[in-house]
Amino acid sequence: MMQTDPENALALTIKFGSYFLLPGIIIFLAFFFLQSGAFIYAFIKGLTPYPKWCFIFCVPVGMILSVLIGKIGNYNLTNAIRCAWISIGNLYMFLGILLMEKRAIKEKHKETP
414 MMQTDPENAL ALTIKFGSYF LLPGIIIFLA FFFLQSGAFI YAFIKGLTPY
464 PKWCFIFCVP VGMILSVLIG KIGNYNLTNA IRCAWISIGN LYMFLGILLM
514 EKRAIKEKHK ETP
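To get our numbering, take the position in the sequence shown, counting from 1, and add 413.
(1) What number of angstroms, rounded off, separates the C-alpha of proline 462 from the C-alpha of glutamate 514?
(2) My output table needs one value for glycine 459: the three-state DSSP class, helix, strand or coil.
(3) What is the DSSP secondary structure of proline 436, counted as helix, strand or coil?
(4) Is it right to say serine 479 is buried, meaning 16 or more other beta carbons lie within 10 angstroms of its own, or is it exposed?
(5) Kindly give me the distance between the Cβ atoms of glycine 475 and leucine 504, rounded to whole angstroms, as I take these residues to be in contact under 8 Å.
(6) So, helix, strand or coil for threonine 417, using DSSP?
(7) Identify which residue in Asn421, Ala424, Ser449 has its Cα closest to the Cα of methionine 506.
(8) Which whole runs of the alpha helix (DSSP H) in the stretch 481 to 525 are 4 residues long or more, in chain order?
(9) What is the DSSP secondary structure of proline 473, counted as helix, strand or coil?
(10) Hey, would you say the C-beta of leucine 435 is under 7 Å away from at least one heavy atom of the ligand GTP?
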C-alpha cells in the first residue's frame, strides 16, 4: 500500500498530469487552434455567405469575453461564466452566426440575378 505523505501525493499528481492529461490537452489545443484559424480564414477571405466582419463571432473572441466578464468580481454568476469559458465561447459563436443568418440570406439574394 502507498504511503500517505504529501510528497508522495504531489509526485503522483505530477506523474498523472504528465502522462495522462498533458497529451490530451496538447491534442485538443492543436485541433482547437486549427479549427479557429480555419474559421477566421474562411470569413476574412469571403468564402462564406456572411459579411467578412463576422469573423468576430469565433470561439476565441467569445472565450475572451467570458474571461473579461469573470473579472467583474467573486460572485456565483461570474465564477460560473469563468468556469464555462469554452462553452460560452461556443454559444457566442453560434448565436452570432444565427443572428446574422437573415442578413446573409438577404445579401446573397441581392448578388444573384
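We put the CB at the ideal spot given by N, CA and C, even for glycine.
So, from the data block:
(1) Proline 462 and glutamate 514: Cα-Cα distance of roughly 9 Å.
(2) Glycine 459 falls in the coil class under three-state DSSP.
(3) Assignment of proline 436 by DSSP, reduced to helix, strand and coil, places it in the helix class.
(4) Residue environment: serine 479 is assigned as buried (16 or more neighbouring CB atoms within 10 Å of its CB, all protein chains considered).
(5) Rounded, the Cβ-Cβ distance is 7 Å, consistent with contact.
(6) Three-state DSSP puts threonine 417 in coil, outside helix and strand.
(7) Closest by alpha carbon: Ser449.
(8) Listed in chain order, they are 489 to 496, 498 to 512, 514 to 524.
(9) Helix, per DSSP.
(10) Ligands displayed in this structure: none; no statement on the ligand GTP is therefore possible.
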